[in-house]
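Line by line, the protein sequences are chains W and Y. So the first sequence is numbered by the working numbering: it starts at 85 and just counts up by one. So the second sequence is numbered by the working numbering: it starts at 1331 and just counts up by one. Presented below is the structure to which this report refers.
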Amino acid sequence: MKKSALPDPFEEARVNKGYGEMDDQNDPVTMILGLKDVRKCAHNWKTFQSGAEPGRIVIPSEVNIRDTRQIPFEVDPPEHKDFRALVDPWFKRPLEADYSATLTQQINDIVDEMLTKDSIEVVEGFSLRLQSRALTLLLNIPYEESETWISWGTHVFRSEGEALDGDKANILYDYIDEKITKAIENPGDDLYSMLLAATVNGKKLTREEVKGVMILTFAGGRDTVINAITNSIAYLAEHPESLNRLLNEPEITGRAVEELIRYFSPLTQMGRVVTEDTQVCEHAIKEDSRISLCWASANRDAKVFENPNDVVLDRKINPHVAFGFSHHNCLGATHARQIMNILLKTLAKKVKSIDIIDYKENIEELGEFNRKVGYNSLTVKFNGR
Amino acid sequence: MAKITFITTDNKNITVEGTSGSVMQLAVDNSVPGIDGDCGGVCSCATCHVHVAPEHVEKTGTASEIEEDMLDLNDYSNEYSRLCCQLEISDKLDGLVLQVAESD
C-alpha cells in the first residue's frame, strides 16, 4: 500500500506549534496548519488579504511572472461578491444534464482507450488529456481546442525544474490574449464572450479583468485536477476492493469523491497577505508578511477527522477544506467534483483492477516540510471487467 | 411522509414532501433556490444553511459540534441555524418551516 499513500508531513508541527515556516523567493510564509485556525484565517479577509499585489498570495509567488490580477481569486470583499455573482452561475453549469452527459462520454471514451493498451503513463496520457478535454466544456468551446492545451504539457508556469518561468507563463498569457481578441471580433457562447459582454456594478469588464478570470480558470484547475485524478488512480490500483465497492454501492460515490479529495488535497496551500500586526496560534505575525492557509494539513487534523491518514471511502461527516473555505472557496469545485464523480463511476463499471508498473513521485519542497503532491509519472495497466 | 416548507431569500414559500434521506437532498431534488448542496451533504461546505423557525427547534434539535464549527464562521448564521444536510427526514419533521439563509 506504499505507492499510493500520501503522507502527512505537517503532523508534528500542527500538533506542537500549530504553524510552520517556509521561505519563498525572499517573501517568507507562516503556514497555518490546524483546521480551525485555517478556517478562522480564511474567514478574516480584512487581516488576511487576497487582494494584494497580483500573484503574491500564490505559493510559489507569481509576482515576478504576472501583472494581471486573477478574478475573483485576488479580489477582496465587497467587490469579490459582485464578481463572484457574475461567474458563479457559469461555473455551476457542470450540474446541467447536457454538460454532465458530454463529460460522461468524454470520460468513457478515454477509459475505453486505456483498456486497449498494455500500459499507459497516467499523468500525461490520461489525467492531462481528461482535464484538458473537460475544460472545453467549462469554457464552452470546441473539443479540438483541447489538443493545444495538452501540447503545453503538465506545467503551465514551470519548465521541467521547479522554478517559475516567465517565458513559459507567457505562452498561456499570449494564448488568452489572442482568444479574447477573437471573441471581441466574433462573439459566441463561450466564457470569453460572456465575460466581454458582462457588467459588474454597471461597468463593463475591462479586457484585463476578462484576462484575469481566464488565467484563473486555466491555471487554477490544471495541476489540481491532474493530481486528483492521478492520485485516485494510484489509490484504486492498490485498493481494487474499492472499485468493487463503488460498483456494488454506487450511493457512496459522492462521499468517496469528498474523501479522496480530502486525503489527497490537490492544492496544498494558498497564501494571504497580512494587513496588520497580529497573532495566530500565539505566534506573532507582522504586517505585510504572508501566511498560508495550509489546506493539506487542515485536512489531516486528528482533532476533527477520525483516522485522518486513512482513506475511509464512505466517510459520512467530512468537513474538509480541500476546495478552500469562506468567500474564496474554489470556483471550479463543481466541475472538479463532476469529473471525479463520473470518473469513479466509470472506472468501477469498466475496470476490474489497475496494475502499477512504474512511478516517480512529485515532492513539493516547502521549507521545513517536503510534501508528496502527486506523481511526475505513473505507469499502469488497466484490466477490464 | 413529512411536509417541509422552505422560505426562499426572496420570500417565496416552497412546500415539498419526503419520506427519507436528508432535507438538503430533498431541497436540491426540488430545486429550492439557495440550497446548492455542493459537497453532497458531508458538512464540507455550507451551501445548505437554513434557519429553523423558532417554534420548530424541538423538531430538528440543535446543531452538532462540527456543524457549529462551520456555522460559527458564517456571517449569516444565528441561534436557529442548521445545515440541512444533517437533518434526516422523518415524520418528526412534518410541518417544519425553514428559512433559506443568505450567502455571500
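We put the CB at the ideal spot given by N, CA and C, even for glycine.
Proximal chain Y residues relative to residue i, where beta-carbon distance stays under 8 Å
i        : result
Glu342/W : Cys1369, Gly1370, Val1372 and Ser1374
Contact set between residue i and chain W, taken where Cβ atoms lie within less than 8 Å
i         : result
Ile1396/Y : Val388, Ile401 and Pro403
Asp1340/Y : Result: empty, since nearest Cβ-Cβ is about 15 Å, beyond 8 Å.
Residue i - DSSP class collapsed to helix/strand/coil
i         : result
His404/W  : coil
Glu449/W  : strand
Phe409/W  : coil
Glu180/W  : coil
Ala504/W  : Outside the displayed range of chain W (85 to 469) lies residue 504/W, so it cannot be described from this structure.
Ala386/W  : coil
Asn224/W  : coil
Ser461/W  : strand
Ala1376/Y : coil
Ala1332/Y : strand
Ile1365/Y : coil
Gln1355/Y : helix
Arg399/W  : coil
Gln1429/Y : strand
Ser277/W  : helix
Gly1391/Y : coil
Gln215/W  : helix
Residue from the options whose Cα sits closest to the Cα of residue i
i         : options                                       : result
Asn332/W  : Ala267/W, Asn270/W and Lys434/W               : Lys434/W
Asn110/W  : Lys120/W, Ser145/W and Asn100/W               : Ser145/W
Pro112/W  : Val464/W, Gly451/W, Ser349/W and Gly458/W     : Gly451/W
Lys165/W  : Val147/W, Trp129/W and Thr352/W               : Trp129/W
Asp274/W  : His239/W, Leu222/W, Tyr259/W and Thr290/W     : Leu222/W
Glu105/W  : Val364/W, Lys124/W, Ser184/W and Tyr459/W     : Val364/W
Asn413/W  : Ala97/W, Gly102/W, Thr131/W and Asp172/W      : Asp172/W
Glu342/W  : Ala303/W, Phe389/W and Ser376/W               : Phe389/W
Arg69/W   : Asn446/W, Val405/W and Glu448/W               : Past the boundaries of the shown model lies residue 69/W; chain W is included only from 85 to 469, so the question cannot be answered.
Arg98/W   : Pro91/W, Gly118/W and Ser88/W                 : Gly118/W
Ala247/W  : Trp379/W, Asn148/W, Tyr259/W and Ser203/W     : Asn148/W
Cys378/W  : Glu180/W, Lys288/W and Ile143/W               : Ile143/W
Glu440/W  : Ile447/W, Tyr459/W and Glu448/W               : Per the sequence shown, residue 440/W should be read as Ile rather than Glu. The residue with the shortest Cα to Cα distance from Ile440/W is Tyr459/W.
Met1331/Y : Ile1337/Y, Val1346/Y, Thr1339/Y and Asn1341/Y : Val1346/Y
Leu351/W  : Ala126/W, Gly305/W, Leu320/W and Gly338/W     : Gly305/W
Ser437/W  : Lys387/W, Tyr103/W and Leu199/W               : Leu199/W
Gly296/W  : Asp151/W, Tyr347/W, Asn467/W and Lys252/W     : Asp151/W
Asp398/W  : Ile345/W, Gly338/W and His419/W               : Gly338/W
Ala382/W  : Lys86/W, Asp121/W, Thr114/W and Glu96/W       : Asp121/W
Glu449/W  : Ala340/W, Ile375/W, Gln353/W and Leu214/W     : Gln353/W
Neighbour list for residue i in chain W, Cβ cutoff strictly below 7 Å
i         : result
Met1400/Y : Pro403
Asp1421/Y : Here the premise fails: no neighbours, minimum Cβ distance about 23 Å.
Chain-ordered neighbours of residue i on chain Y, where CB pairs are closer than 7 Å
i        : result
Thr410/W : Note on residue identity: the sequence assigns Ser, not Thr, to residue 410/W. Residues of chain Y passing the Cβ test: Leu1403.
His127/W : Leu1403
Gly338/W : Gly1370
Own chain partners of residue i with C-beta closer than 6 Å, once the 5 adjacent residues on each side are dropped
i         : result
Ile191/W  : Ile426, Leu427 and Thr430
Ile423/W  : Ala218
Gly1371/Y : Ser1352, Met1354 and Cys1415
Glu205/W  : Ser461 and Thr463
Cys1378/Y : Met1354, Ile1365, Gly1367, Leu1413, Cys1414 and Cys1415
Phe466/W  : Met198, Leu199, Val435 and Ile438
Cutoff 7 Å; reference residue i; Cβ partners in own chain excluding five residues on either side
i         : result
Glu158/W  : Ser134, Gly135, Pro138 and Ile141
Ala417/W  : Phe407
Ile268/W  : Leu280
Pro93/W   : Phe453, Asn454 and Arg455
Ser1350/Y : Ile1419
Phe167/W  : Ile155, Pro156, Val159 and Val284
Pro91/W   : Lys456
Residues of its chain near residue i, where Cβ-Cβ distance is below 8 Å and the 5 sequence neighbours each way are ignored
i         : result
Ala1376/Y : Met1400, Leu1401, Asn1404, Leu1413 and Ser1433
Val294/W  : Ile264, Tyr276, Leu279 and Leu280
Leu212/W  : Ile234, Gly237, Thr238 and Ile310
Chain W contact residues for residue i, given Cβ-Cβ distances below 9 Å
i         : result
Asp1359/Y : Those do not exist, as Asp1359/Y stays about 12 Å from chain W at its closest Cβ, beyond 9 Å.
Asp1424/Y : What Asp1424/Y touches in chain W: nothing, since even the nearest Cβ is about 25 Å away.
### Message
Along the stretch 415–434 of chain W, where does the CB come closer than 8 Å to a CB of chain Y? Name the residues.
### Response
Flagged, chain order: Ala417, Thr418 and Arg421.
### Message
Under 9 Å, CB to CB, which of the residues in the stretch 105–124 of chain W have a partner in chain Y?
### Response
Here the close residues are Leu119, Lys120, Arg123 and Lys124.
### Query
Which residues, taken in chain order from the stretch 146–166 of chain W, show a beta carbon closer than 9 Å to some beta carbon of chain Y?
Residues of the stretch 146–166 of chain W with a C-beta less than 9 Å from any C-beta of chain Y: Pro161, His164 and Lys165, listed in chain order.
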